[in-house]
Every structure is written in C-alpha cells, then in structure tokens.
Amino acid sequence: MADYIIVGAGPAGCVLANRLSEDPANSVLLLEAGGKDWHPLVHMPAGFAKMTKGIASWGWSTVPQKNMKDRVFWYTQAKVVGGGSSINAQIYTRGNARDYDAWEKEEGLAGWGYRDVLPYFKRAENNQRFANDFHGDQGPLGVSNPISPLPICEAYFRAGQEMGIPFNPDFNGAAQEGVGYYQLTQKNARRSSASVAYLKPIRARKNLTVRTDVLVTRVVVEKGRAIGVEIVDKPGGEKTILRAEREVIVSSGAIGSPKLLMQSGIGPADHLKSVGITPVHDLPGVGSNMQDHLDLFVIAECTGDYTYDNYAKLHRTLWAGLQYLLFKNGPVASSLFETGGFWYADPTAASPDIQFHLGLGSGIEAGVEKLKNPGVTLNSAFLRPRSRGTVRLKSADPADHPLIDPNYWSDPYDRDMSIKGLRLAREIMRQKALQPYVLREVLPGPSLQSDDDLIDYACRTSKTDHHPVGTCRMGHDAMAVVTPDLRLRGIENLRVCDASVMPRVPSSNTNAPTIMVGEKGADLILGREPLPPAVFKGNQAA
Numbered sequence: 006m007a008d009y010i011i012v013g014a015g016p017a018g019c020v021l022a023n024r025l026s027e028d029p030a031n032s033v034l035l036l037e038a039g040g041k042d043w044h045p046l047v048h049m050p051a052g053f054a055k056m057t058k059g060i061a062s063w064g065w066s067t068v069p070q071k072n073m074k075d076r077v078f079w080y081t082q083a084k085v086v087g088g089g090s091s092i093n094a095q096i097y098t099r100g101n102a103r104d105y106d107a108w109e110k111e112e113g114l115a116g117w118g119y120r121d122v123l124p125y126f127k128r129a130e131n132n133q134r135f136a137n138d139f140h141g142d143q144g145p146l147g148v149s150n151p152i153s154p155l156p157i158c159e160a161y162f163r164a165g166q167e168m169g170i171p172f173n174p175d176f177n178g179a180a181q182e183g184v185g186y187y188q189l190t191q192k193n194a195r196r197s198s199a200s201v202a203y204l205k206p207i208r209a210r211k212n213l214t215v216r217t218d219v220l221v222t223r224v225v226v227e228k229g230r231a232i233g234v235e236i237v238d239k240p241g242g243e244k245t246i247l248r249a250e251r252e253v254i255v256s257s258g259a260i261g262s263p264k265l266l267m268q269s270g271i272g273p274a275d276h277l278k279s280v281g282i283t284p285v286h287d288l289p290g291v292g293s294n295m296q297d298h299l300d301l302f303v304i305a306e307c308t309g310d311y312t313y314d315n316y317a318k319l320h321r322t323l324w325a326g327l328q329y330l331l332f333k334n335g336p337v338a339s340s341l342f343e344t345g346g347f348w349y350a351d352p353t354a355a356s357p358d359i360q361f362h363l364g365l366g367s368g369i370e371a372g373v374e375k376l377k378n379p380g381v382t383l384n385s386a387f388l389r390p391r392s393r394g395t396v397r398l399k400s401a402d403p404a405d406h407p408l409i410d411p412n413y414w415s416d417p418y419d420r421d422m423s424i425k426g427l428r429l430a431r432e433i434m435r436q437k438a439l440q441p442y443v444l445r446e447v448l449p450g451p452s453l454q455s456d457d458d459l460i461d462y463a464c465r466t467s468k469t470d471h472h473p474v475g476t477c478r479m480g481h482d483a484m485a486v487v488t489p490d491l492r493l494r495g496i497e498n499l500r501v502c503d504a505s506v507m508p509r510v511p512s513s514n515t516n517a518p519t520i521m522v523g524e525k526g527a528d529l530i531l532g533r534e535p536l537p538p539a540v541f542k543g544n545q546a547a
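Numbering-wise, the sequence shown is residues 6 to 547 according to the working numbering.
The following block contains the structure:
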C-alpha cells in the first residue's frame, strides 16, 4: 500500500514522484510498463536517431489516415523510465504565451495562464546560459545550448534573415519568432531526461518505490472511488491489486492514459460496450480531442561533407564515439535537430504557426529517405491544428495496441497551412546564404510545384512530430475529462497528470510543457498554494 500510486514514469510521472516524495510522510509508488533507462543510446544525445526506429518504445502505429490517402504512420511512443524525455530529440521549447492565455481565457482554466505557468517552467529549469525573468537556474532539469554546431547552421540563420525572419537567441524568452539554436535538455553533453533529472538524485528516498516492467491493466474503482490499480508484472503473470491510500494518478501520456482509463471502464460507454468492457463511469471525452503536429520536410543534397551523414561509415562512427568519450563533443553530442525556428504560414496569425527543425543529415528518423551523398533536412510543422482525433481500444485485452487516429487534415485549413509551411522551408533552402552548402533539392524535388503535387508528396512522406496531447483534457463542459485541478470528473481519488490534460497543443515541442504540468500538478495534489504569477518586462503575448 502507498499513499500515492503514479501510473507511468514519463516526464510528468517522474516530476510527480520527486515532488510528492519530498515529504517523508508521503509514501509514493511509481509504476512503469517499460524498463530502466540503461541503454547507452538513451544518454548519448545523438542516440535519438535510433529511438524513432523502435528502441525503448511500444511499436505502435496509427489507423489509416482517411484524409491522407489511408496512410498508416509509425507512431513512436516511449516504453522506458523517463518516457518521451528519454527518447526524444531533447529540444527545449515551451510554446507561446498566447497558448496558455487561451487555456485560461478561452477554455476557462483559471490558474493556467502564461503568467501562472511560467514560474513552474522556471522551477524545473537548471539553465546553463540564462537566469532572468523567463528562466531558472536552480531546478533539476538541465537545459543548455548545442555543444558542436556545424557551419551549415549559421548559414541557415543567414538564409532566414535574407527572407526577413530575424535571428532569435532565445525562443523561450520575450519573443518566439525567428531562427536560431534550440536549447536542449542536456547537461554535460548527456541527455537530461526526466528520469536523470528528477528520479536519479532521489532513488535513495525510503518513501519512494519505483517498479519497472509492470503493466497496469486497470484502475480499480469501488463505489465511485479509485482505491488502487491492478497490475501484471510479467507476461502471462497473475493479476495483483495494489492499493492507494490517498490517490491514484494516471500519468501514462496522451495515448496511454486514455487507454488505461478505458480499460478500467472509464470512458465513452458505447465504445466500451462494443469491445466487451462493462462501463464503470460513462465519461464521453476520454480518448477524444487528440491533437498532434504533422511534419513535412525538404531534403537537399549537400555540395560537400557538411552534415553528419558520413559518420554512418564504420571508421567515422568509431572516431565519433572516441571523440565523445574523450572530449564530450562532436557528432555524438548533437541532438541532430538542434537548429530551427518559428514563423508564419498565415500572415494574420497572432503568433508563429510554423516550426522548423534543421536536421543535420538525411534519413535521420525512421521512414525518412536517406541520400547516398551527404544531405540536410528542413522539417516544417503547422503548430495549431484544428483537426481532432481519437484514441480507442481495439479490444478488452490490455496487451492489444490502441487504435490511434490523429485524424490529420480532417480540417482543410491544416492542410493548407502545412503546404504553406513546406513552401517556406523550400524557400529557406534556396537562399543565397545556403548556396555554398546545398547542391540541389531532392525531396519534394523541383518537378513538384502545384499544391496538388505537394499534397500528394505529403501524404506519401510526412511523419508525426510525436506531440500528441488533449485526450483527457481539462475543462468544465460535458466532454472534459478532468477539472482544472486535474481531478477526474465523477471519480474520487483519481487524477490525470500528463500531456493528455492539455486542452490545446502548445505551439512547440511538448516535453517542456509536460514537465510544467507535472510541476504544477504536484502542487495541486499536495494542496499547496500556487507559485506567485510571474512578473517580467516584455511579453510574448503583447
């Protein structure tokens, strides 16, 4: 028995385990379906390139995307301590101030505006460069600048400026728009995952138990109250019930959390009945409102050896490994996507709606074409999709994969903005500043110019940015799953705390916002006064 049982050791779950166990009077049990983060590629920044190919993940895919010619997308979701923060590209972005102000003003979520959440971003942060109104340097999460940038990155910055896109030294500061280096969740040339930052320093706490390789099959509900969870600790093993004295906290991510709730009989009653599950609590919003960022990309052949592609050759791989071990720099210290920016596809947008990631090679991620000669990739993603998807169960068997349907491009506006973002990426790659580095565009290729051609190209090649949110969203209406204090509507002693509670996807990568949700969620669970709202000069929302 524990006071708090946390299901899922992803970014938010690790934060909760740390913060809830700070008081020795609280006993905390953290359960993770995956294993420990022992794999060396987890801790090497460039190891990200292997993660999208399946290391430390569930191996899930989407259902056919009906608005994208029935394409099935590989959908990497972490299955390891640290969750997505252990396998992602380590990019530390928070979104725009307007994102959170919209949560407060348009979704009615008091306490979740930008000035309210900024202190929690800062509390988490151990920034190696900034200590100011927007950044903290005393938190557990290592945040640093790239160690080994390449000259092509600087040329990309100049190319953006040739198009009128300014250089921005801090996307998480007073303004978001521009091109520049991303800050990264790294410290001392190693990945600073939520596991490394929040769990590793406190593993000796006697009131915290972390169990890995444990599959939670359902939340146990008695008389409208969550009293614990049912687990299986090995394939084919017996089911065991673990009891929670105070609360069960579901923190399994935007796919895993609705999946677990529905397995527990909590969700849309008709759907639960259709897969043979007896409804315990009819909550129609569970698994709805799914949002994700769809990624379109340009790949160009380089005029020479200007990216990391040639390090795939054995002798150069060995040298890169030695360089990293001896000097903590070089290709292995790179996240491979540490350069990017934010700009506008819709000129009337109040804040940037396109995000760029410059990939220092070709074929870096699973399913993306690799060139024979050195190449460079520029990804573009539309940041505020209007399309909404679902997570549903395939069957009543907890071992079955969920039915993941991001429903990409169900709103034509998303398609139009995505294509405009792709055109912006092509234009950047054609600028004079990049001509010494870029020989020719290979994908989409110069023969594809019309919107129809580019839409067809996107349907064949695009990928997820792995930013699912919203499937257990906060709110006050009938489709809301949790209240603003993260309590599940209609069941006592049960909360959800992870990216699934976000009502709208932030205009950025989602790791930092999820850690923020964990930080704020811990205060809500413990009944602490919220951190005082931020005071600063300059405001992204101004």
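A virtual CB, placed ideally from N, CA and C, is assigned to each residue, including glycine.
- Burial check for Val540: the Cβ neighbour count within 10 Å stays below 16, so the residue is exposed.
- Under the three-state reduction of DSSP, Val68 is assigned to coil, being neither helix nor strand.
- Taken atom to atom, the span from the alpha-carbon of Thr190 to that of Met49 is near 12 Å.
- Minimum Cα-Cα distance from Gly372 among the listed residues Asp528, Ile170, Lys399, Asp300 corresponds to Asp300.
- By the beta-carbon neighbour count (other beta carbons within 10 angstroms, threshold 16), Gly426 is buried.
- Taking the C-beta atoms as reference points, Lys375 is found nearer than 8 Å to Gly368.
- DSSP lists no beta-bridge partner residue for Thr515.
- In the displayed model, Ala274 falls within a helix according to three-state DSSP.
- Annotation: Cys19 to Gln454 spans about 46 Å, alpha carbon to alpha carbon.
- Scanning Val447, Tyr187, Leu21 for the CA closest to the CA of Lys377 turns up Val447.
- Here the C-alpha atom of Thr308 lies approximately 5 Å from the C-alpha atom of Tyr442.
- Taking 8 Å as the upper bound for CB-CB distance, Lys264 and Val85 are not in contact here, some 17 Å apart.
- If you compare the alpha carbons of Val381, Cys502, Ile260 with that of Gly345, the shortest gap goes to Val381.
- Annotated three-state conformation of Arg24 is helix, per DSSP.
- For Ser356, no alpha helix (DSSP H) segment is defined, and its DSSP state is neither H nor E.
- Around the Cβ of Ser66, a 10 Å sphere holds fewer than 16 other Cβ atoms; the residue is exposed.
- With distances taken between CA atoms, Pro289 lies nearest to Gly495 out of Leu388, Ser452, Gly495, Ala160.
- Burial state of Leu330 is exposed, judged by a 10 Å Cβ sphere holding fewer than 16 other Cβ atoms.
- Burial is judged here by how many other beta carbons sit within 10 angstroms of a residue's own beta carbon; Ile260 has at least 16 and is buried.
- Counting every other CB atom within 10 Å of its CB across the protein chains shown gives Asn384 a total of 16 or more, marking it as buried.
- For the region 63 to 130, the full-length alpha helix (DSSP H) segments reaching 4 residues or more read 102 to 110, 119 to 129 along the chain.
- Ala7 is bridged by DSSP to Ala249.
- Apart from sequence neighbours up to five positions away, the residues of its chain that approach Met73 with a beta-carbon distance below 8 Å are Tyr413, Trp414, Ala463, Cys464, Ser467, ordered along the chain.
- For Ala259, the uninterrupted alpha helix (DSSP H) run begins and ends at 258 to 268, by DSSP.
- Leu429 has its alpha-carbon roughly 52 Å from the corresponding atom of Asp8.
- Contact annotation: Arg533 and Met507 have beta-carbon atoms that are not nearer than 8 Å.
- In the DSSP annotation of this structure, the continuous segment of the beta strand (DSSP E) that includes Tyr186 starts and ends at 183 to 186.
- Annotated as distal: Met267 and Pro411, with beta-carbon spacing of 8 Å or more.
- For Val443, the enclosing beta strand (DSSP E) has its first and last residue at 443 to 448.
- For Ala231, the closest alpha carbon among the candidates Val255, Thr214, Lys239, Asp461 is that of Val255.
- The beta carbon of Ala317 is closer than 8 Å to none in its chain, skipping five residues each way along the sequence.
- With distances taken between CA atoms, Ala164 lies nearest to Arg435 out of Arg435, Met6, Asp358.
- Taking C-alpha positions only, Glu306 is separated from Phe162 by approximately 19 Å.
- Using a Cβ distance threshold of 8 Å, Ile10 and Val234 count as a contacting pair.
- The alpha carbon of Glu370 has as its nearest neighbour, out of Thr57, Ile409, Trp63, the alpha carbon of Thr57.
- Put simply, the backbone Cα of Pro124 is about 7 Å away from that of Pro538.
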